[in-house]
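Student:
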Amino acid sequence: MKQGSLLLFCIFLLCGSVQVVFGQGSSCESLDPFCAGNEELVFPNSNINNSNQANGQPGPDYGCLLSQPYPAWFYLQVEQTGDLRFNISQFQNEDGSGSQYDVDYIVWGPFERTDNYCEDESLSAQKIVDCSYEPDTVEQMNILNAEAGEVYVVLITNYEELPGFISLRQTNANQPNSGSTDCGILDEVLGPDRFLCGKTETTLDATTDGVAFYEWYRFDENINDFQLIAGEEESTLTIDDSGRYKVIVYENQTLRPDEDEIEVSFYSEPIANTPEDLYICDPNQTSIDLTLTSAEILAGNTSEENYRVNFYESLEDLEDENSIENPSAFPIEETSEIFAQVEGVESGCLSQEVSFNVELELLPENYLPAESVICVDLSGDITQQIEIGEVPGNNYTYEWLANGTVISTNALLDFTEIPEAETIELIVTNSQSGCSVKFQTDLAVYSRPESVLVEIEGSDFTGGYVITAEAVPGLGDETTYEYRLDEGVWQENPVFRNLNPGYHTISARDINGCGITTSNEFFLVGYPRFFTPNGDGYNDTWNIDNTAEIQILELYIFDRYGKLLKELSPGGQGWDGTYNGRSLPADDYWFRVEFEMLDGTRDHFGANFTLKR
């Protein structure tokens, strides 16, 4: 920052092969220094956006410049004797792109270092060295036979009054008989503004050759002006407080004052805390918000300025200041280490780097059955202990819920009574990552059948028996039953055929394993369907024997015409297929049996059988 009529300090930045000046003097009293060589000097022009000086100030002789719109004042000092030739151009953009604008200039000189350049008599017609008012976008400015140590004042105007940039380059640098400019005048005596991180004091150094004494000032906000710091007349000043400071340097011979200002800001070094790792809980998630860690990383920092957290994919990126462009939606495909650093927004102060991991959390897959079965007896009491769940690992917590209410926090859930819910939910949470997954299972209550009804159709004397069983449901939900005859194989079909004579039972069971119910025992009477009286010892006679359940009272055999052929005695020899000693032909014959049950009930059956020869 520069003040006064002889300001020896420049605000410019050397960037690659181009020097970019960030400001320019709009009046002679605030003229800025420049130097030029092989490098191109680029600086903003004066325009309505950055200057309130729309025309050249009165007093100087402007020579060929019939108008001086938005003037920019500079001076240069000759370092090496010789000719100085410059190209001056004006264009829309800093990189030389866009529209080109008309540029005009005038040069006064030479002056001594100690002259007051801005007096009217200094900027007279006799001092004009070169001038151009041509409507050209590129001009050739010449200062011939310049002597080392001489100073020249340069005025460049903006004829079109549009915002843009001026380029100045010495075209004859390092050529025979060429001169050069002294870039030493560009040195700021105090240097650029200082942003001090983690320091408690700093020393300002204004040491300059040929100086009689120094004055130091500090800006007072209360009076909106600089206040002299009493007793400080040396070239250095040690300070420990933020603020704006100014030094005035008085030369030995003329006591002419030059001054420079600097703003000094003390900042605490930012703190960066190592955050907890981030986890991706959803396997379908493709990005993650890294800024979720910002509050934890920033905790403990002072409120003296604003802070931001910069995130990096590697230490190399951090060192190259190549931060993640969109940390709130960082794409992630695998576990990654992320580096972070806290930066002061105003100061640019940086913390030490910290790191954390972004991990893909693999949660257990659903291990609950779609349906969990509870078996009860016919009174509604649970008949067997039921336990659902698994233990997927040591780093999990569990919440079992029925109708939204937590009923257990164990890994396994035992049922001692039937819950009043149709569905049980389980939330499994990884205690380290906080990721959770929810499963559910439907509850189903079943019991054994209340009873088994047996319907008997047909008989052993009329084509065989057809037995149909019916399981009468017990308690709980509707279910499917399986059936078996006696101790046979279970089947879903409740119909049984081709039963042997005798006592039988049919059992029914719930397919979910909740118990078996057996029917009352029932008896089927039977008889041989054929016999073969051929003397081979197999089925040579036909008879119906007594059993423990029935007592045969009478048994008669008839031919197909109803003729009585034989009356048999139960337990006897049986019929050998003869009548009055004569063998009867192969044919169907009929019988009639009268019997008595154990309970004294009497009944009779009649059917046919076959004699085979």
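Count the sequence shown with mature numbering (1 follows the signal peptide of the UniProt record, and there is no 0) and you get residues -20 to -1, 1 to 593, in order. Just so you know, even glycine gets a beta-carbon here, dropped at the ideal spot from N, CA and C.
Identify the continuous beta strand (DSSP E) that holds Glu400 and give its terminal residues.
Tutor: Here Glu400 belongs to no beta strand (DSSP E), and DSSP marks it neither H nor E.
Student: So is Arg428 buried or exposed if we call it buried at 16+ other beta carbons inside 10 Å?
Tutor: Classification of Arg428: buried, given that the 10 Å Cβ count is 16 or more.
Student: Where does Asp238 fall in DSSP's three states?
Tutor: strand
Student: Run through DSSP, which three-state label would Pro565 get?
Tutor: Coil at Pro565, not helix or strand.
Student: Specify the secondary structure class of Leu343 as computed by DSSP and reduced to three states.
Tutor: DSSP places Leu343 in coil when its eight states are reduced to three.
Student: What residue range is occupied by the uninterrupted alpha helix (DSSP H) comprising Glu296?
Tutor: Leu295 to Glu299
Student: I'd like the span of the alpha helix (DSSP H) that includes Ala275, first residue to last.
Tutor: Ser274 to Leu278
Student: Using 8 Å for Cβ pairs, my map puts Glu141 next to Asn32. What's the rounded Cβ distance?
Tutor: That belief does not hold up - the Cβ atoms of Glu141 and Asn32 are roughly 13 Å apart, past 8 Å.
Student: Does the Cβ-Cβ distance between Ser303 and Tyr292 come in under 8 Å?
Tutor: yes
Student: Among Ile486, Val83 and Pro481, which one has its Cα closest to the Cα of Arg464?
Tutor: Sorting Ile486, Val83 and Pro481 by C-alpha distance to the C-alpha of Arg464 places Ile486 at the top.
Student: Classify Cys44: buried if its beta carbon has 16 or more other beta carbons within 10 angstroms, exposed otherwise.
Tutor: exposed
Student: Hey, out of Asn29, Gly171 and Tyr376, whose CA is closest to Leu343's CA?
Tutor: Tyr376
Student: Decide yes or no for the touch test of the region 390 to 408 against the region 329 to 337: beta carbon pairs closer than 8 Å, at least 3 of them.
Tutor: Put simply, the region 390 to 408 does not touch the region 329 to 337. Fewer than three CB pairs are less than 8 Å apart.
Student: Where does Leu270 fall in DSSP's three states?
Tutor: Correct three-state label for Leu270: helix.
Student: Is it the case that the Cβ atoms of Leu340 and Ile260 are separated by a distance below 8 Å?
Tutor: yes
Student: Following the continuous beta strand (DSSP E) through Val371, name the residue where it begins and the one where it ends.
Tutor: Taken as a continuous stretch (DSSP letters only), Val371 belongs to no beta strand (DSSP E), as it is neither H nor E.
Student: Beta-carbon separation of Glu241 and Glu256 under 8 Å?
Tutor: no
Student: Is Lys543 helix, strand or coil when you go by DSSP?
Tutor: DSSP places Lys543 outside both helix and strand once states are collapsed to three, so it counts as coil.
Student: What do you reckon, is the C-beta of Pro49 under 7 Å from a heavy atom of the ligand SAH?
Tutor: By its list of ligands, the structure shown contains no ligand whatsoever, and the ligand SAH lies outside what it can speak to.
Student: Nearest to Lys592 by CA position, among Leu535, Arg562 and Thr512, is which residue?
Tutor: Of the candidates Leu535, Arg562 and Thr512, Thr512 places its Cα closest to the Cα of Lys592.
Student: State yes or no: is the C-beta of Ala309 within less than 8 Å of the C-beta of Asp262?
Tutor: no
Student: Ignore the nearest five residues each way along the sequence and tell me which others in Val134's own chain have a CB closer than 6 Å to its CB.
Tutor: Closer than 6 Å at the Cβ level, and outside the excluded window around Val134, lie Phe54 and Val87.
Student: Looking only at its chain, what residues have a beta carbon closer than 7 Å to the beta carbon of Val434, apart from the 5 residues adjacent to it on each side?
Tutor: Ile447, Ala449, Ile486, Ser499 and Phe502
Student: Assuming Thr273 contacts Phe336 under a Cβ cut-off of 8 Å, what Cβ separation, rounded to an integer in Å, is found between them?
Tutor: 6 Å
Student: Given a cut-off of 8 Å, decide if Ile68 and Ile123 are closer than it, judged by their beta-carbon atoms.
Tutor: At a Cβ-Cβ threshold of 8 Å, Ile123 and Ile68 do not count as neighbours.
Student: Taking 6 Å as the limit between beta carbons, can you name the residues of its chain near Thr459, skipping five residues before and five after?
Tutor: Tyr426 and Asp490
Student: With which residues is Ile28 paired in a DSSP beta bridge?
Tutor: DSSP, once it has assigned bridges, lists no residue as partnering Ile28.
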